Amino acid sequence: MRPRAGKVDVGKVVEHFSRRCRAVRVVPFDPHLEEGAEIALDRLRRETREALTELAAVVAAGFPGDPRRCKPSFT
15 MRPRAGKVDV GKVVEHFSRR CRAVRVVPFD PHLEEGAEIA LDRLRRETRE ALTELAAVVA
75 AGFPGDPRRC KPSFT
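Note that my numbering gives residue 16 to position 2 of the sequence shown, counting from 1, and the numbers run on in steps of one.
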């Protein structure tokens, strides 16, 4: 989120969505994302890359598992 003087209470936003979503992650403001062009990961700040990696992990954790791994194979 872009740093601003008091317009948005990030804690309240996180609390609101935490009650409605599986997980909430805050991605810090990054000038490279503000450009609105193609994203080059190496131009993102370290904190932004870490937050996006955590977000990707949360999304991936919600993917259904491979059902073939859950069922025993009988031949």
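We put the CB at the ideal spot given by N, CA and C, even for glycine. As the structure is a prediction and not an experimental result, all values here were calculated from the model.
What do you reckon, are the CB atoms on proline 42 and alanine 65 nearer than 8 Å?
-> yes
Assuming arginine 39 contacts histidine 46 under a Cβ cut-off of 8 Å, what Cβ separation, rounded to an integer in Å, is found between them?
-> Actually they do not touch by this definition, with Cβ atoms about 18 Å apart.
Beta-carbon contacts of arginine 63 that lie in its chain and below 7 Å, excluding the five residues immediately before and after | Leu55
Going straight from the alpha carbon of valine 72 to that of glutamate 29, what length do you get?
-> 17 Å
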